[in-house]
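Peer 1:
2 protein chains.
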Amino acid sequence: MFKKVLVTEDLGSINHGIANILHERTGVKEIQQAQYCDDAYLKFRRARRDGSHFDLLITDLSFKESHRERNLVSGIQLIDAIRAIQPDIKVIIYSMEDRPAKVKSFFAEQGIDGYVCKGRYGLNELIQSVTEVYNGRTFTSPLLASAISKNNVFELKDYDLLLLKHLSDGLTQEQIGEYFKRNHISPNSISSIEKRLNKLKYNFKAKNAIHLVAMTKDLGLL
Amino acid sequence: MFKKVLVTEDLGSINHGIANILHERTGVKEIQQAQYCDDAYLKFRRARRDGSHFDLLITDLSFKESHRERNLVSGIQLIDAIRAIQPDIKVIIYSMEDRPAKVKSFFAEQGIDGYVCKGRYGLNELIQSVTEVYNGRTFTSPLLASAISKNNVFELKDYDLLLLKHLSDGLTQEQIGEYFKRNHISPNSISSIEKRLNKLKYNFKAKNAIHLVAMTKDLGLL
DNA sequence: TAAATAATTACGGTTTCCCGTAATTATTTA
DNA sequence: TAAATAATTACGGGAAACCGTAATTATTTA
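First to last, the protein sequences are chains Y and G.
Heads up: the first sequence runs through residues 1 to 222, numbered per this note's numbering.
Heads up: the second sequence runs through residues 1001 to 1222, numbered per this note's numbering.
(1) Can you look up Gly1051/G in the DSSP assignment and give me helix, strand or coil?
(2) Are Ile1079/G and Thr1059/G close, meaning C-beta to C-beta below 8 Å?
(3) Enumerate, from N- to C-terminal direction, the unbroken alpha helix (DSSP H) stretches of 4 or more residues contained entirely within the region 122-173 of chain Y.
(4) Residues of chain Y with CB under 7 Å from Asn1208/G, in chain order?
(5) Identify the contact partners of Arg1120/G in chain Y, using a Cβ-Cβ distance below 8 Å as the criterion.
(6) Tell me the DSSP secondary structure of Lys201/Y in three-state form.
(7) The beta strand (DSSP E) with Val7/Y in it runs from where to where?
(8) Could you have a look at Glu65/Y and say whether DSSP puts it in helix, strand or coil?
(9) Is there a Cβ of chain G sitting closer than 8 Å to that of Met1/Y, yes or no?
(10) Name the chain Y residues whose beta carbon is nearer than 7 Å to that of Ala1214/G?
(11) What in chain G is Cβ-close to Leu143/Y, meaning under 9 Å?
(12) Short of 8 Å in beta carbon distance, which residues of its chain neighbour Tyr1159/G, apart from the five on each side in sequence? Order them along the chain.
(13) Ends of the alpha helix (DSSP H) at Ser1013/G?
(14) For a contact defined as C-beta to C-beta under 7 Å, what are the partners of Gly1017/G on chain Y?
(15) Go through its chain and collect everything with a Cβ distance to Lys1043/G's Cβ below 7 Å, but skip five positions before and after it.
(16) Terminal residues of the continuous alpha helix (DSSP H) containing Val213/Y?
(17) To the nearest angstrom, report how far apart Ser141/Y and Arg1068/G are at their CA atoms.
(18) Closest by CA to Val91/Y, which one among Gly136/Y, Ser52/Y, Asn124/Y and Leu161/Y?
(19) Taking its Cβ as the centre, do 16 or more other Cβ atoms sit within 10 Å of Pro1187/G, making it buried, or is it exposed?
(20) Are the region 1001-1017 of chain G and the region 203-220 of chain Y in contact at 8 Å, needing three or more beta carbon pairs?
(21) With H, G and I counted as helix, E and B as strand and the rest as coil, what does DSSP make of Ala206/Y?
(22) Could you give the distance in angstroms between the alpha-carbon of Tyr41/Y and the alpha-carbon of Arg49/Y?
(23) How would you call Glu1024/G, buried or exposed, if buried means at least 16 neighbouring beta carbons within 10 angstroms?
(24) Answer yes or no: do Phe63/Y and Tyr94/Y have a C-beta to C-beta separation smaller than 8 Å?
(25) Would the beta-carbon of Leu167/Y fall within 8 Å of that of Ile1210/G?
(26) Just tell me which of Leu1143/G, Ser1105/G and Gly1111/G has its CA closest to the CA of Tyr1227/G.
(27) Which residue comes first and which comes last in the beta strand (DSSP E) that contains Lys90/Y?
(28) DSSP three-state call for Gly114/Y: helix, strand or coil?
(29) With 16 other CB atoms within 10 Å as the buried threshold, where does Asn1152/G fall?
(30) Alpha carbon to alpha carbon, how far is Gly51/Y from Arg1099/G? Give it in angstroms, no decimals.
(31) If you check the beta carbons only, do Arg83/Y and Asp38/Y fall under 8 Å apart?
(32) Within its chain, find whatever has a CB closer than 6 Å to the CB of Glu1097/G; leave out the 5 residues flanking it on each side and keep chain order.
In structure tokens, the structure reads:
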């Protein structure tokens, strides 16, 4: 089993709960807790310096603002920062976020090993996920996993996301085309942009561009 | 102090935490807990039937799905259902939601008495809020209260919201006008709708309708 | 390499949006 | 009640989006 685990979560009570139950049910020896991403990062650095690195990071995604200055603001930033130094550390996210597209992106972008939805069965699933991940497998909360596998998550390319992003920022199709040209992104003609947009509208069954942006926002893609 | 309080929250640990601390710090005698809105509603009904009604409802907003069939799905539905029967019951929401516009609407629409943001200082604020509400005042988490009072929350009328809603649903301005006519909502000419939209775009500094819808979605108005 | 296929771009017609102005109607004020 | 003001509606011109089709260019396949 994992030797040393770092738990980052801004609600002290939940943090303690996780630590306790992990200790009891999975037999992890050493568990450290942090309530701020910056603290977590410091503990991580310190552990490496002392030659006793962490095996596993369990972190939430969103952290409330506080009076303190913060460098790392979100769980994603924390993961990226830590993985940059120790790429092989296992990572499990434990969060409220339950939009399939988002979660899917965490596996793709951050290469996380497990995703557990906070909720009624959250802690149980978290324990499961720890043993699964320890055994080299990945884990996703069941409800979420089925939603993702249903494949009703239309696959968006980076290009499409960028297009939608600029659209939602109020750029015209012409301006988006200019932007693509400047940044050597192809295709970049107005005609092609229209065509892509049409495909997106068809896939999402959107009536027009406004509808499309609203829907993708609801789905958490933007 | 309140005699009998109902706490609805789907994470058992948080639920217990609230109950404990309320009991210790505010001296509320009887505290009942529920993890589902439907359960909460049943407990509420039963208490009234037995002639020992609740004084105060503390509830979260969002509840994860579960295997069970659910009638009441959100905290708002629970509040509305309970207030329909016992309009004078005090209500405090305890949730992660921290978008000013949303919170403002809870005070306006549901007529809640207190709003406490979950977070690092959440439990402390919750205790405060209980005594404040007991003394006939309202309470809002400080950070949120200042955000609301800064008045950068442009005041949207129901009309504007409906307009934006239909826009984000992909209706054309013409179709929105027809809808307004059918439902005897005035003004309903295309010209007037354009004018309203212009005002909204000006207020939100939006470049076009897409941008406007995207922004209001981000602000949690839609 | 030639042919076939796919991707990208160009273009024209139509609808909807955008924006200013003016006319009409409703409301307020003196 | 008359005048002033505000709200609503009408209208027209230009911009952007929408939609189909065709031409051009790239890529794949035989």
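Don't be surprised by glycine CBs; every beta carbon is placed ideally from N, CA and C.
Peer 2: Let me lay it out:
(1) Taking the first residue of the second sequence as position 1, residue 1051/G is located at position 51. In this structure, DSSP gives Gly1051/G a state outside helix and strand, which the three-state scheme calls coil.
(2) The residue labelled residue 1079/G in the question sits at position 79 within the second sequence. The residue labelled residue 1059/G in the question sits at position 59 within the second sequence. Against a cut-off of 8 Å, the Cβ pair of Thr1059/G and Ile1079/G comes out as a contact.
(3) Whole alpha helix (DSSP H) segments, 4+ residues: 122-134, 142-149 and 158-168.
(4) Position 208 of the second sequence, counting from 1, holds the residue named residue 1208/G. Per Cβ cutoff of 7 Å: Gly170.
(5) Translated into positions along the second sequence, residue 1120/G becomes position 120. Those within 8 Å of Arg1120/G in chain Y are Asp10, Leu11, Gly12, Gln35, Lys64 and Ser66.
(6) Stepping through the first sequence from its first residue, residue 201/Y is reached at position 201. Lys201/Y falls in the helix class under three-state DSSP.
(7) Working through the first sequence from its first residue, we reach residue 7/Y at position 7. Looking at the DSSP string, the run of the beta strand (DSSP E) that includes Val7/Y is Lys4 to Thr8.
(8) Here residue 65/Y is taken as the residue at index 65 of the first sequence, counted from 1. It is coil, neither helix nor strand.
(9) The residue labelled residue 1/Y in the question sits at position 1 within the first sequence. Chain G contact via Cβ: absent.
(10) Here the question's residue 1214/G lines up with position 214 in the second sequence. What Ala1214/G touches in chain Y: Ser168, Val213 and Lys217.
(11) Taking the first residue of the first sequence as position 1, residue 143/Y is located at position 143. Within chain G, the residues near Leu143/Y are Lys1064 and Glu1065.
(12) In the second sequence, counting from the first residue as 1, residue 1159/G sits at position 159. Ile1185 and Arg1196.
(13) Numbered from 1 along the second sequence, position 13 holds the residue referred to as residue 1013/G. Per DSSP, Ser1013/G belongs to the alpha helix (DSSP H) from Gly1012 to Thr1026.
(14) Residue numbering aside, residue 1017/G sits at position 17 when the second sequence is read from its first letter. Simply Ser13.
(15) Walking along the second sequence from the start, residue 1043/G turns up at place 43. Leu1006, Gln1032 and Ala1034.
(16) As a working mapping, residue 213/Y is identified with position 213 in the first sequence. Looking at the DSSP string, the run of the alpha helix (DSSP H) that includes Val213/Y is Ala209 to Asp218.
(17) For the purposes of this step, residue 141/Y is identified with residue 141 of the first sequence, where counting begins at 1. For the purposes of this step, residue 1068/G is identified with residue 68 of the second sequence, where counting begins at 1. Cα to Cα, the separation comes out at about 18 Å.
(18) As a working note, residue 91/Y is residue 91 in the first sequence. Of the listed residues, the one whose Cα sits closest to Val91/Y is Gly136/Y.
(19) Reading the second sequence from its first residue, position 187 is the one you call residue 1187/G. Its Cβ having fewer than 16 others within 10 Å, Pro1187/G is exposed.
(20) no
(21) As a working note, residue 206/Y is residue 206 in the first sequence. Ala206/Y falls in the coil class under three-state DSSP.
(22) Within the first sequence, numbered from 1, the residue matching residue 41/Y stands at position 41. Within the first sequence, numbered from 1, the residue matching residue 49/Y stands at position 49. Between Tyr41/Y and Arg49/Y, the C-alpha separation is close to 12 Å.
(23) Indexing the second sequence from 1 puts residue 1024/G at position 24. So Glu1024/G counts as exposed.
(24) Within the first sequence, numbered from 1, the residue matching residue 63/Y stands at position 63. Within the first sequence, numbered from 1, the residue matching residue 94/Y stands at position 94. No. Outside cutoff.
(25) On the first sequence, residue 167/Y is found 167 positions in, with the first residue counted as 1. On the second sequence, residue 1210/G is found 210 positions in, with the first residue counted as 1. Yes. Within cutoff.
(26) Examination of residue 1227/G is not possible in this model, given that chain G is present from 1001 through 1222 alone.
(27) Locating residue 90/Y in the first sequence gives position 90, counting from the first residue. Unbroken beta strand (DSSP E) run through Lys90/Y: Lys90 to Ser95.
(28) Mapped onto the first sequence, residue 114/Y falls at position 114. Gly114/Y: strand per DSSP, three-state reduction.
(29) Residue 1152/G sits at position 152 when you count from the first residue of the second sequence. In this prediction, Asn1152/G scores a pLDDT of 49, lower than 50, which makes its location untrustworthy; no coordinate-derived value is stated.
(30) By 1-based counting over the second sequence, the position of residue 1099/G is 99. By 1-based counting over the first sequence, the position of residue 51/Y is 51. Arg1099/G and Gly51/Y: Cα-Cα distance of roughly 43 Å.
(31) By one-based count along the first sequence, residue 83/Y stands at place 83. By one-based count along the first sequence, residue 38/Y stands at place 38. Cβ distance not < 8 Å, so Arg83/Y and Asp38/Y don't count as in contact.
(32) Counting from one through the second sequence, the residue named residue 1097/G turns up at place 97. If we look at Glu1097/G and ignore the five residues flanking it on each side, its Cβ neighbours are Leu1061.
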